[in-house]
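A.B. asks: So the sequence shown is numbered by the working numbering: it starts at 19 and just counts up by one.
My questions all concern the structure below.
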Amino acid sequence: MRGRVQAARRAPPVPTSLNHALGAFRMAKQDRAVRTREELIRSAAESFGRSGFGLSSLSGISAGAGVSSGALHFHFASKRELGEAVEEAAARTLGVIIAPCPPSHPDPLRVLVDTSHLLARRITQDVVLRAAFGLGNDATWQGGGTLWQEWRRWVRATLTLAGERGHLAADVLPDAAVSAVTAAVVGSDILGRADAEWSSCRALTQFWSLMLPRLAVRGGDAGLPEPVSNCPATLRP
19 MRGRVQAARR APPVPTSLNH ALGAFRMAKQ DRAVRTREEL IRSAAESFGR
69 SGFGLSSLSG ISAGAGVSSG ALHFHFASKR ELGEAVEEAA ARTLGVIIAP
119 CPPSHPDPLR VLVDTSHLLA RRITQDVVLR AAFGLGNDAT WQGGGTLWQE
169 WRRWVRATLT LAGERGHLAA DVLPDAAVSA VTAAVVGSDI LGRADAEWSS
219 CRALTQFWSL MLPRLAVRGG DAGLPEPVSN CPATLRP
């Protein structure tokens, strides 16, 4: 008797079509949430790049993303969280750009030249990457490690590999070379922010035309400062 009562109280099965509709609704809702978050990160990056972190407002960021302040606070509790999200998104992009050069690569210096051009171009084109690098030089932003530090570490690793392969001139000081290459990209970025006519890639080509003959052992690619491809990854075996 009890079993029959319990069976009678069980809810009828949900039709398959309704299950599909509910699943589609949930997926659409999740997609909207992801798009809203991405738009907020983009809007924050634009604001940080335009006004700096300190002068950027949450109301302006939400308006730039086309969402309400409530929607912003659903995703981010504070402006600092937005800044961290901008850095995290940019760090993922940078990680793709500066993937480690394989030890078997025939010319690490070639990778270094190409990657510096690629990074300069992406900083110009990608508002989130550009803003995150800018935060590293923003006195009002008290973040953790900057993307410039990641770039410096990659430059050091690549130059170290070049030295191990015998591609560096004997009198090259590794620390000095790392500082020069890092500063060249940093300087190009800073000048590009101040002057819309400044070409970071052209400036880097000029830099490498001076630097490569000093770095490379005679017989290397010292005469090839221009990037040979749009993506250094195509040079890697």
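Ideal Cβ positions, reconstructed from N, Cα and C, are used throughout, including at glycine.
Keep in mind the model is a prediction, meaning the values are calculated, not measured.
Please state whether DSSP places residue 276 in a helix, a strand or coil.
C.D. replies: Since the displayed the chain opens at 19 and closes at 255, residue 276 lies outside it and no answer follows.
A.B. asks: With DSSP collapsed to three states, give me the class of residue 150.
C.D. replies: Of the three classes helix, strand and coil, the one that applies to residue 150 here is helix, per DSSP.
A.B. asks: Thinking just about the alpha-carbon of each residue, which of 153, 155, 148 and 193 is nearest to the one in residue 170?
C.D. replies: Out of 153, 155, 148 and 193, 193 has the C-alpha closest to the C-alpha of residue 170.
A.B. asks: Have a look at the DSSP bridge pairing and note the partners of residue 6.
C.D. replies: Only positions 19 to 255 of the chain appear in the structure, and residue 6 is not among them; the question remains open.
A.B. asks: Classify residue 66 as helix, strand or coil using the three-state DSSP reduction.
C.D. replies: Of the three classes helix, strand and coil, the one that applies to residue 66 here is helix, per DSSP.
A.B. asks: Please classify residue 196: does DSSP put it in a helix, a strand, or coil?
C.D. replies: It is helical.
A.B. asks: Given residue 221, which residues of its chain have a CB within under 6 Å of its CB, disregarding the five upstream and five downstream residues?
C.D. replies: Cβ within range, chain order: 206.
A.B. asks: Once DSSP output is grouped into helix, strand and coil, what is the label at residue 54?
C.D. replies: Residue 54: helix per DSSP, three-state reduction.
A.B. asks: In chain order, what residues of the same chain have a beta carbon less than 8 Å from the beta carbon of residue 71, not counting five sequence neighbours either side?
C.D. replies: Only 97, 101, 153, 156, 158 and 159 meet the Cβ criterion.
A.B. asks: Quick check on DSSP: helix, strand or coil for residue 213?
C.D. replies: In the structure shown, residue 213 sits in coil (DSSP, three-state: anything other than H, G, I, E or B).
A.B. asks: From residue 83 to residue 113, what distance separates their C-alpha atoms?
C.D. replies: Whole-angstrom Cα-Cα distance: 26 Å.
A.B. asks: Pairs of beta-carbons, one from the segment 110 to 124 and one from the segment 164 to 179, closer than 8 Å: are there three or more?
C.D. replies: Yes, they touch.
A.B. asks: Can you name the start and end residues of the alpha helix (DSSP H) that residue 95 belongs to?
C.D. replies: Counting along the chain, residue 95 falls outside any alpha helix (DSSP H), and DSSP gives it neither H nor E.
A.B. asks: With distances taken between CB atoms, is the gap from residue 235 to residue 195 smaller than 9 Å?
C.D. replies: No; because the gap between Cβ atoms is not below 9 Å, this pair is not in contact.
A.B. asks: Looking only at its own chain, which residues have a Cβ that is under 6 Å from the Cβ of residue 164, when we skip the five neighbours before and after it?
C.D. replies: Contacts found: 154.
A.B. asks: Considering Cα atoms alone, identify which of 143, 60 and 173 is closest to residue 130.
C.D. replies: For residue 130, the nearest C-alpha among the options comes from 173.
A.B. asks: Is it buried or exposed for residue 210, if we count other Cβ within 10 angstroms and need 16 for buried?
C.D. replies: Buried, by the Cβ-count rule.
A.B. asks: Identify, in the order they occur along the chain, each residue of the same chain with its Cβ nearer than 6 Å to the Cβ of residue 60, setting aside the five sequence neighbours on each side.
C.D. replies: Nothing meets the Cβ criterion.
A.B. asks: So, helix, strand or coil for residue 165, using DSSP?
C.D. replies: In the structure shown, residue 165 sits in a helix (DSSP, three-state: H, G or I).
A.B. asks: Take residue 64 and list the residues in its own chain whose beta-carbon comes closer than 7 Å to its own, dropping the five residues that flank it on each side.
C.D. replies: Closer than 7 Å at Cβ, skipping near neighbours: 82 and 145.
A.B. asks: Quick check on this structure: which residue in 54, 67, 105 and 116 has the alpha carbon closest to the alpha carbon of residue 88?
C.D. replies: When only C-alpha atoms are compared, the closest one is 54.
A.B. asks: When DSSP labels each residue in this structure, what does residue 105 get in the three-state scheme?
C.D. replies: The answer is helix: DSSP assigns residue 105 an H, G or I state.
A.B. asks: Nearest to residue 77 by CA position, among 127, 224 and 91, is which residue?
C.D. replies: Selected option, being the one with the closest Cα: 91.
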